[in-house]
Structure formats: structure tokens, C-alpha cells
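Novice: Note that the protein sequences, when read in sequence, are chains P and H. For the first sequence, the numbering used here begins at 1 and goes up steadily by one. For the second sequence, the numbering used here begins at 1001 and goes up steadily by one. Yeah, the Cβ is synthetic: ideal placement off N, Cα and C, and Gly gets one too. Next up is a structure, given as C-alpha cells.
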Amino acid sequence: MNNLFQYVPGNSLIHRMNPVTKIFLTIIICVAAFVTDRLLFLVGLLAVDLLIGIVAGVANRTWNIFRGLLKIAVFLFLLQVLLTRKGTPVFWIITDQGLLTAGKVVLRLVVVCMPLALVLAVTRITDLTNAMVQVLHVPYQYAFTLSTAIRFIPQFLEEMSGIMEAQTARGVAFDKARGLKKFSMILPLCAPLLISSVRRTDQTAVAAEVRGFRLRTRESGYKKYPFTAVDLGAVLFSLALLAGAILL
Amino acid sequence: MIQIQDFSFTYKNGENPALQEISLTVPDGGFLGIIGPAGAGKTTLARAIAGIIPHHYPGDFYGSVTVNGLDTVDSKIVDLSRLVGMVFQDVESQIISPLVEDELLYGLENFGVPREEIPGRMEEALAKVGVSDLRERSIASLSGGQRQKVAIASIIALKPKILVLDEPTGELDPRSSRQIFSLLKELNEEQGITVILIEQKIMLLCEFARQLAVLSKGRIIRQGETRDVLSHADELQALGVNCPRVTTLSRMLSEKTRAEQPVCINLDEAENMVRRLIP
């Protein structure tokens, strides 16, 4: 979980792409997934997701994200299948219509979530925010909020496991509990986590302020983010995807 | 020059004043060490010099704090931060970026350092702290000590006139601590940067700082040249501030020999003293 959101260094085609192009491609994949109504097209989009992961040289990460999503997908699939009443029954209370809708819902979920997680794997957060500020003219304050939120995820997890270790040392049997029981044991820990997080966030705000947070403008970034041939290719590719979703 | 006059501060919602009637002057190019037990107000003093108090932490502010002629109450925190670089006690919260390189870039970009100067400054700062090899790494993959060094490098790269460091070697091993102290000494002597250093490692502090200020319960108990302050070892001990062992040794020898021995503040001096007494 900890490293699902972390950047994987690399120099692949996808890594070198302009961060804005990556966001564009991600959005187009999401839109395409909702526009299309064909199961086969969704499977195709999933293949595109996986292919992007492989081209970027982060096949392992892609697989981990996929596996993580699969757990949620199975749950959603069962729920959808059992609740859909339309169509002809295939087996027990399961209908053909139910299977088809459930399949589409689940595929959409996976297809939409994968590129969102992959963008973080192949883009440095700072590049993402800087490009958003420089190219898309997003106000720096908003971009900073986003990047800080993502940057804090591993720190929260670190802190959470720290609190849990401290509790385990005092006899709380986290290691023996499972499922709902474990969840109810973890819940009370949210208060100390929240308090320490708020305190830490406040400190980080000071740290940013004394290093010129308020002086930062759109031109401040050291790195520039020009569009190259790779970006053009990616944009054409995503437009083709969108056209396919609408026409097919 | 930093001039603090009759400065008292109580945090908003705080019951007792964190600092009371502090008067302190640090000349340009000075090297001041601040020691004192936990809760003495060391961090509050550091925040006041950096202007974080009263701009970020509101409260009752009496007296005046002036940094290079700028009154911290009237000046903007941005103008103060061009002068004063501060390394926080909690490194985790000081680091803003997810990658080492970006952490160094952050301040340089914001303060508008010319593009062509940036790579050189980054390399220099990383090399000085001894973490050039960590440049491409993510912060999450670093140890506590490595993070501390990166935090220090990110401030040094900004080349402030005044450096305020709040226990910057808390997570470092003895060798790295000495390395950081030597670096501060170098910056202080070669570039004339004023250093204000809060530190618990008393031995190192006494060896490197030229001036010492001892804080206890929000007040300055004693301040002056390091050697003069250390000559009041009994007083410090009563406050819960340990003295370097060499100082304790020179004091014990003064008692045993029934003659006033000079106060030793480093190993060489102690060695000379012992050699003199035991021919």
C-alpha cells in the first residue's frame, strides 16, 4: 500500500511525456470508459491501461494496482449481479442482464482507476504541480495543496504503523484480530493520527512560508515543460480512443 | 546583527509566558549556542528570531526583536526569510517535497535565484553536508539522519545571512554531528554567516560556539563568552544542564589542587592541563 502512490524513477517514453499530456490522456481514458457502452471496448481500454504500464517499465506496479483494484471489483461485481433484477435468469437469481451490467461497471472502475494511479507512478509530484501551474495556469496554492496531500500519504501510513506499534507494545493484540474486529480496533487510533497530522501540516505550512511560498509565481519553476513529438503522438492516440468510444 | 530587548512572549491560549524579559545581542558573524532543559523556551526564541513569532504563532508579544535593522513585528515574514534561514527541530515537517532534488529546488525557485546559479548552488549545498549521492532519492526512502542532512542542505543552498538551527543533529550519529558542526564553523568563519544553534550535545556546542546563552523556564540565566559561562558550572548543573566532561574535570582538579585551574572547553586544553599538573 505504502508504495502504490510513489514515483518510480525511469526514462521511458511515458516518463518523458509532458505531465499535462499524461493528465490529458488519463482524463480521455476516463471519459471514453463512460461514453462507450460496449463490453469489448472496455476490455480494449483495460488492455491500453496495462500496455501503458508495460511501456513505462512499471509492469510490477501496474500488476499491484490491478490486483488491489480486483478485490474491490469482485465485491462490486457480486453486489451488482445479485441486485439486478432485469433480464432472463441464467442461474438461481442471476440474470444475463445483471452479468452484463456488473461486468461493465466493474471494468469501468478498473479502467478509470488504473491510469490515475499510474500517473503518480511515472510522474514526479513536483513536475505534476509545476506543469499544472506553468502550462494550465492553475493557481499555485491549489497545486501545492494537491501535491502536499499526495506527499503526506506515505507519512501518514508511517505514523499510523508507529501508533499501532506503540499500542501493540502495550498489549493491544492487533496482530491477532482480523476483518471487522481489527477495523474497530484501528478506529480509535484515528484521533491521535488526526491530531499529529494537523500539527505536522501546520509546521509544514510554516516551513513553506519561510522558504518563500508567497513569492512563488508561474515563472518560478526551474524546470520547463515543453511539448514534444511524444506528446503530439499521445494526444492523437487519446483522440482516436475517444472517437472510437463514441463511434463504436 | 540581532538585537532582542526585553522580549516576552506568551502563546495564544498558553498559560505561562514561554519567554520572559529576554535581552540578547548577537553581532554579525557571531556563533551563539543556546542550551537549556526541555521546555525552557529555546524553540520559541528561535522562532522569534526567524519572525515565525509573531507572524505564524499569535500571542502576547512584548519588547522588540530586530534582525539586521528589521523589526520582526513590522516586517513581512518573506523579507525576514531572505535574511534568516531556519532548520526546524522536527525534520519531517520541514521537508515539503517528495524528492531530495525538489526539496533543494523549492526555496531557490521561490526566492528567484537566477537559473544559471541554481545547479551550482544545489551541488555545493549537497556536497557540503555530504549527501551528494542522495540527490535523486525520494525522501520516504531516507533514514532520519539523512533527512536531517537534506533539510540542512536545503537551507544552506539559500545562502542566508543568519542561520538558526533548532537541534539540527538530533537524529545524527556522533560523526555526522561533528561534521555538521564543522560545516557551521566553516560557514561562520569563511562566509561570515551568523549562526544561532540550539543544541543538547553540550560538548560539541562548547567546542564550536563562541557565545553561549543558558535558558531556563523562559529566562536567560547566563550569557556571554563560552568559557565565562562554563566557569559557572555549578549553576548550570543545578538547572539540569550538563557540562562537558573536560569542564567538570578542570573544576574537580581546581578543588583537588586547591588552586584555580583555567576552565577547559576542549580535549586539547584538558590534555595540556593534565600534562602540566602531572609532570
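Measuring alpha carbon to alpha carbon, tell me which of H:1145, H:1231, H:1138 ends up nearest residue 154 (chain P).
Specialist: Taking the first residue of the first sequence as position 1, residue 154 (chain P) is located at position 154. Minimum Cα distance to residue 154 (chain P) is reached at H:1138.
Novice: State yes or no: is the beta carbon of residue 1232 (chain H) nearer than 9 Å to at least one beta carbon in chain P?
Specialist: Here the question's residue 1232 (chain H) lines up with position 232 in the second sequence. Not one chain P Cβ lies under 9 Å of residue 1232 (chain H).
Novice: For a cutoff of 9 Å on Cβ pairs, would you count residue 134 (chain P) as touching chain H?
Specialist: Here the question's residue 134 (chain P) lines up with position 134 in the first sequence. So, not an interface residue.
Novice: Residue 203 (chain P) lies in the alpha helix (DSSP H); which residues open and close that run?
Specialist: As a position in the first sequence, residue 203 (chain P) is number 203, starting the count at 1. Looking at the DSSP string, the run of the alpha helix (DSSP H) that includes residue 203 (chain P) is 190-209.
Novice: Please state the DSSP three-state secondary structure of residue 244 (chain P).
Specialist: For the purposes of this step, residue 244 (chain P) is taken as residue 244 along the first sequence, with counting starting at 1. Correct three-state label for residue 244 (chain P): helix.
Novice: Restricting to runs no shorter than 4 residues, where is the alpha helix (DSSP H) found entirely within the region 1129-1154 of chain H?
Specialist: Runs found: none.
Novice: Going by other Cβ atoms of all chains shown within 10 Å of its Cβ, with 16 needed for buried, is residue 1102 (chain H) buried or exposed?
Specialist: Looking up residue 1102 (chain H) in the second sequence gives position 102. Buried: at least 16 other Cβ atoms inside 10 Å.
Novice: The region 209-225 of chain P: which residues have C-beta closer than 7 Å to a C-beta of chain H, in chain order?
Specialist: Listed by position, the residues of the region 209-225 of chain P near chain H (Cβ gap below 7 Å) are 209, 210, 211, 212, 213, 214, 215, 216, 220, 221, 222.
Novice: Hey, does residue 1009 (chain H) have any beta-carbon neighbour from chain P nearer than 9 Å?
Specialist: Here residue 1009 (chain H) corresponds to residue number 9 of the second sequence, with the count starting at 1. For residue 1009 (chain H), the answer is no, since every Cβ of chain P falls outside 9 Å of its Cβ.
Novice: Who does residue 1059 (chain H) pair with in a DSSP beta bridge?
Specialist: Here residue 1059 (chain H) is taken as the residue at index 59 of the second sequence, counted from 1. Beta-bridge pairing links residue 1059 (chain H) to H:1011.
Novice: If contact means a Cβ-Cβ distance below 9 Å, which residues of the region 191-206 of chain P contact chain H?
Specialist: Those residues of the region 191-206 of chain P that come within reach of chain H (Cβ to Cβ, closer than 9 Å) are 199, 200, 201, 202, 203, 204, 205, 206.
Novice: Could you please tell me which residues of the region 1101-1129 of chain H, in chain order, have their CB closer than 8 Å to any CB of chain P?
Specialist: Cβ contacts with chain P: 1102, 1105, 1106, 1107, 1108, 1109, 1110, 1111, 1112, 1115, 1118.
Novice: Report yes or no: do the region 1192-1200 of chain H and the region 1155-1175 of chain H share at least 3 C-beta pairs separated by less than 8 Å?
Specialist: Touching, yes.
Novice: What does residue 1143 (chain H) touch in chain P if you count any residue whose Cβ is under 8 Å from its own?
Specialist: Position 143 of the second sequence holds residue 1143 (chain H). Per Cβ cutoff of 8 Å: no residues; residue 1143 (chain H) is ~12 Å from chain P at best.
Novice: With distances taken Cα to Cα, identify the nearest neighbour of residue 58 (chain P) among P:100, P:114, P:83, P:93.
Specialist: Reading the first sequence from its first residue, position 58 is the one you call residue 58 (chain P). Nearest of P:100, P:114, P:83, P:93 to residue 58 (chain P), Cα basis: P:114.
Novice: Compare the beta carbon distance of residue 1023 (chain H) and residue 1007 (chain H) with 9 Å and say whether it is the shorter of the two.
Specialist: Taking the first residue of the second sequence as 1, we reach residue 1023 (chain H) at position 23. Taking the first residue of the second sequence as 1, we reach residue 1007 (chain H) at position 7. Taking 9 Å as the Cβ cut-off, residue 1023 (chain H) and residue 1007 (chain H) qualify as a contacting pair.
Novice: Check whether the Cβ of residue 1228 (chain H) lies closer than 9 Å to any Cβ atom in chain P.
Specialist: To locate residue 1228 (chain H), count along the second sequence from 1; it is residue 228. Taking Cβ atoms only, chain P never reaches closer than 9 Å to residue 1228 (chain H), which makes this a no.
Novice: For residue 1093 (chain H), which residues does DSSP report across the bridge?
Specialist: Within the second sequence, numbered from 1, the residue matching residue 1093 (chain H) stands at position 93. Residue 1093 (chain H) pairs with nothing; no bridge assigned.
Novice: Compare the C-beta of residue 150 (chain P) with all C-beta atoms of chain H and state if any pair is closer than 9 Å.
Specialist: Reading the first sequence from its first residue, position 150 is the one you call residue 150 (chain P). Answer yes: the Cβ-Cβ gap between residue 150 (chain P) and chain H drops below 9 Å somewhere.
Novice: So the beta strand (DSSP E) residue 1213 (chain H) belongs to, where does it begin and stop?
Specialist: Looking up residue 1213 (chain H) in the second sequence gives position 213. 1211-1216 is the extent of the beta strand (DSSP E) around residue 1213 (chain H).
Novice: What residues in its chain sit with their C-beta under 6 Å from that of residue 1205 (chain H), if we drop five residues either side in the sequence?
Specialist: Within the second sequence, residue 1205 (chain H) is the residue found at index 205, counting from 1. Answer for residue 1205 (chain H): 1033, 1199, listed in chain order.
Novice: Around the Cβ of residue 195 (chain P), are there at least 16 other Cβ atoms within 10 angstroms (buried) or fewer (exposed)?
Specialist: Here residue 195 (chain P) refers to the residue found at position 195 of the first sequence. Exposed, by the Cβ-count rule.
Novice: Give the straight-line distance between the Cα atoms of residue 1142 (chain H) and residue 63 (chain P), rounded to the nearest whole angstrom.
Specialist: Residue 1142 (chain H) sits at position 142 when you count from the first residue of the second sequence. Residue 63 (chain P) sits at position 63 when you count from the first residue of the first sequence. Between residue 1142 (chain H) and residue 63 (chain P), the C-alpha separation is close to 26 Å.
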